[in-house]
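Under my numbering, the first residue of the sequence shown is numbered 31, with each subsequent residue one higher.
Even for Gly, the Cβ is constructed at its ideal location relative to N, Cα and C.
None of the values given here were measured: they were computed from a predicted structure.
In what follows, a single structure is set out as structure tokens and then discussed.
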Amino acid sequence: MMDNNDQTDALQFELNNLVAKFQQEFDLNAQTIIGCLEVTKLDLVTDFGVEFIPDDELEDDSDSNDIFPAF
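As structure tokens, this is what we get:
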């Protein structure tokens, strides 16, 4: 049985092979392939229930006359 590192490597190799296959067999440019991967990434993020919660404690600098933002 493969450990987590081996499984991660196998996934990465398969993804690389799949991208190379579509670059060779189809007339898809890099931007289109990246867009497809981004949609898949978004699907994975939302399927796993990752939720981005804003931090209410952040300062509101909208009242400040300072032209330089505070970091």
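| query | Relative to the C-alpha of K71, which residue among N59, L45, N34, D57 is closest? | reply | Within the sequence shown, the letter at position 41 stands for residue 71. It is L45 whose Cα lies nearest to the Cα of K71.
- Query: How big is the Cα-Cα spacing for N35 and A50?
  - Reply: For this step, residue 35 is matched to residue 5 along the sequence shown. For this step, residue 50 is matched to residue 20 along the sequence shown. The straight-line gap from Cα to Cα measures roughly 23 Å.
- Message: Can you give me the C-alpha to C-alpha distance between D86 and L58, rounded to a whole angstrom?
- Response: Taking the sequence shown and counting its residues from 1, the one referred to as residue 86 is at position 56. Taking the sequence shown and counting its residues from 1, the one referred to as residue 58 is at position 28. Rounded to the nearest angstrom, the two C-alpha atoms are 43 Å apart.
Quiz prompt | A40 vs M32 beta-carbon contact at 8 Å | solution = The residue given as residue 40 occupies position 10 in the sequence shown. The residue given as residue 32 occupies position 2 in the sequence shown. Yes, the Cβ-Cβ distance between A40 and M32 is below 8 Å.
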